[in-house]
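Written below as structure tokens is the structure these notes are about.
Protein chains in written order, with my numbering: chain A, 1200 to 1527; chain B, -4 to 287.
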């Protein structure tokens, strides 16, 4: 028991802090920011596993978020399914689509998956706008029910906070365990050198498709949660621009561990709020410059913004030589 | 679909196909010199179009706008290469993708901050009066687009086949290390390839702006389609880029006729995915696709 606590201290402290927030925070504005942070964190975690562990990049995560959101919206309002079941079906659909895209492209160089996912994101966006009978086009879908367990309504801000962050914490536990497991080690191995990993018996294509599907499922579930929280979906949230903002978050947070996704989520939630005071339109400019700067200054492969800056400072010790994902 | 309509769709397909061909050519030039896929390629086309519109707004004649846009985007590309590409040449595919995606964000947002969100257009180079051809109407701008594309492609062909520097660039595409041992300056080849890509992209942007309006956001779609065209033709193959561009343009135009204009933009990506499924080397891809 004692060793378990020591081993997972970071996770446990984080879980307790997050889950007790509703006890002392009642401000609706901050609770709504935290609600959106929970789902962005889910999306970023999936992407962090894909990018940081397997070294593959998807520029279309917003498309899977869109499937999750619209799947939930359509299946609950038009088919009348239970919200949880709708979420599950949307996630399965996302996983299937990710598998279909991943199987041919993940055998090829990294930019093929990047372009294919950009294309899929674009197709999903076009379908959402064009399939008006199903999606109401640009008007969006209203009247999506809130989540409930039994007869217990989870639509209120505090109840929703507990459910959304509860699921996010489960995903975090899962992602952390995964990255320390045999699967995580084989993903990092294929990231370093694919031929070497293959020669040690790792089925690299299979592993890459697997983690890509997992990232799609995380994104899809996050999308469903957003739909149930806002009771409304519209196409604007599922563009390629949002996919790239998610990438920016994961890169700023650092790719070494899944925890990077948390810092990245904070960055993409807080930075726009700060930049709004100067000029709302410069947010993406700043994100673009950060992406270039981090890549240009990047020396290892596991560093986020903070460690990159530390490492560049004379005498700075940034990062150290610990293998990425080794620490929690 | 009547034969007149069919002809009309073919004309429109050849026009947009020219722009896809030039965009695909931009991908190919950079890819052959550096093995980098430039995810901001489409934004370079957009910058060309937007710069020309801005210069036209200052009262410059169209030919001066054209030259001005080409020069501006070339300069942007040279600076871009120096700041973001040169440090990344040895850093692996992932860093290159992320940095060029970042550049696409920078170009797009900069264009929005400078020129606003509205879509803008240019007057056609030689009037709007359509030329009747066998029951269909041919816009004079189409001739400009196709003619200029032909001139650029033929010019590139002779440059790469005949001139010494062109051969040096091709040598670097085959094997940068051996090319260096022959005394070829690899960094000069890379800068040159970027400048040339900038010029071609800007030309494509200026040519298409009178036909389809340009806005800060037009670049991402153009880039995706240019990449689809380059992949369709065989990534890294300049002839393939041109063929892929025209095939994609025509299929897309016919798709609008058969299916619906709303799905026009999805056609290119369906083709891209099909190519990646069935034949990742593309139509003319004699080269082995780089498997990891």
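All C-beta atoms, glycine included, are put in the ideal place defined by N, C-alpha and C.
As assigned by DSSP and simplified to three states, the class of residue i
i: residue 1352 of chain A; result: strand
i: residue 284 of chain B; result: For residue 284 of chain B, the predicted model reports a pLDDT of 45, less than 50, meaning its position is unreliable; a value from the coordinates is still stated below. Residue 284 of chain B: coil per DSSP, three-state reduction.
i: residue 1340 of chain A; result: strand
i: residue 120 of chain B; result: coil
i: residue 1524 of chain A; result: Note on residue 1524 of chain A: pLDDT 36, under 50, position unreliable in the model; no value is reported.
i: residue 125 of chain B; result: coil
i: residue 277 of chain B; result: coil
i: residue -4 of chain B; result: coil
i: residue 1382 of chain A; result: helix
i: residue 1466 of chain A; result: helix
i: residue 1461 of chain A; result: helix
i: residue 1330 of chain A; result: coil
i: residue 1432 of chain A; result: strand
i: residue 131 of chain B; result: strand
i: residue 1347 of chain A; result: strand
i: residue 1307 of chain A; result: strand
i: residue 1518 of chain A; result: The pLDDT assigned to residue 1518 of chain A is 37, lower than 50, so where the model puts this residue is not dependable, and the model offers no usable value.
Contacts that residue i makes with chain A (C-beta to C-beta distance below 9 Å)
i: residue 275 of chain B; result: 1303, 1304, 1306, 1307 and 1311
i: residue 104 of chain B; result: 1480, 1481, 1482, 1483, 1484, 1485, 1486 and 1487
i: residue 17 of chain B; result: In chain order: nothing, as chain A lies at least about 18 Å away.
Sub-8 Å separation of residue i and residue j beta-carbons
i: residue 34 of chain B; j: residue 99 of chain B; result: yes
i: residue 105 of chain B; j: residue 41 of chain B; result: no
i: residue 68 of chain B; j: residue 194 of chain B; result: yes
i: residue 1236 of chain A; j: residue 1420 of chain A; result: no
i: residue 1388 of chain A; j: residue 1249 of chain A; result: no
i: residue 1242 of chain A; j: residue 1445 of chain A; result: yes
i: residue 1267 of chain A; j: residue 1459 of chain A; result: no
i: residue 234 of chain B; j: residue 267 of chain B; result: no
i: residue 203 of chain B; j: residue 66 of chain B; result: no
i: residue 263 of chain B; j: residue 243 of chain B; result: yes
i: residue 84 of chain B; j: residue 192 of chain B; result: no
i: residue 173 of chain B; j: residue 28 of chain B; result: no
i: residue 88 of chain B; j: residue 1310 of chain A; result: yes
i: residue 1265 of chain A; j: residue 1340 of chain A; result: no
i: residue 1408 of chain A; j: residue 1298 of chain A; result: yes
i: residue 210 of chain B; j: residue 81 of chain B; result: no
i: residue 136 of chain B; j: residue 114 of chain B; result: no
i: residue 1464 of chain A; j: residue 1240 of chain A; result: yes
i: residue 129 of chain B; j: residue 2 of chain B; result: yes
i: residue 215 of chain B; j: residue 37 of chain B; result: yes
i: residue 196 of chain B; j: residue 12 of chain B; result: no
i: residue 1476 of chain A; j: residue 1404 of chain A; result: no
i: residue 1466 of chain A; j: residue 1481 of chain A; result: no
Residue burial classification, residue i (beta-carbon count within 10 angstroms, cutoff 16)
i: residue 1359 of chain A; result: buried
i: residue 1331 of chain A; result: exposed
i: residue 160 of chain B; result: exposed
i: residue 1417 of chain A; result: buried
i: residue 1278 of chain A; result: exposed
i: residue 1425 of chain A; result: buried
i: residue 145 of chain B; result: exposed
i: residue 1320 of chain A; result: buried
i: residue 153 of chain B; result: exposed
i: residue 269 of chain B; result: exposed
i: residue 1204 of chain A; result: exposed
i: residue 1244 of chain A; result: buried
i: residue 0 of chain B; result: exposed
i: residue 91 of chain B; result: buried
Rounded Cβ spacing between residue i and residue j (contact assumed at less than 8 Å)
i: residue 1258 of chain A; j: residue 1304 of chain A; result: At roughly 12 Å, the Cβ-Cβ gap does not stay under 8 Å, so residue 1258 of chain A and residue 1304 of chain A are not in contact.
i: residue 1356 of chain A; j: residue 1234 of chain A; result: 7 Å
i: residue 240 of chain B; j: residue 277 of chain B; result: The pair is not a contact, with the Cβ atoms about 12 Å apart (cut-off 8 Å).
i: residue 148 of chain B; j: residue 237 of chain B; result: 6 Å
i: residue 1145 of chain A; j: residue 1292 of chain A; result: Any property of residue 1145 of chain A remains undetermined from this structure, which presents chain A solely from 1200 to 1527.
i: residue 1362 of chain A; j: residue 1253 of chain A; result: The pair is not a contact, with the Cβ atoms about 29 Å apart (cut-off 8 Å).
i: residue 181 of chain B; j: residue 167 of chain B; result: 6 Å
i: residue 49 of chain B; j: residue 110 of chain B; result: 6 Å
i: residue 1486 of chain A; j: residue 1447 of chain A; result: 4 Å
Chain B contact residues for residue i, given Cβ-Cβ distances below 7 Å
i: residue 1317 of chain A; result: 219
i: residue 1333 of chain A; result: The contacting residues do not exist; residue 1333 of chain A stays about 14 Å from chain B at best.
i: residue 1246 of chain A; result: By Cβ distance, chain B contributes nothing, its closest Cβ being about 12 Å from residue 1246 of chain A, past 7 Å.
Chain B residues whose Cβ lies nearer than 8 Å to that of residue i
i: residue 1495 of chain A; result: 78, 79, 82, 83 and 94
i: residue 1450 of chain A; result: 93
Under 7 Å by beta carbon: chain A residues contacting residue i
i: residue 257 of chain B; result: 1329
Proximal residues of chain B, C-beta to C-beta of residue i below 9 Å
i: residue 1258 of chain A; result: 34, 92 and 96
Closer than 8 Å at the beta carbon, the chain A residues around residue i
i: residue 107 of chain B; result: 1480
i: residue 101 of chain B; result: 1484, 1487, 1488 and 1491
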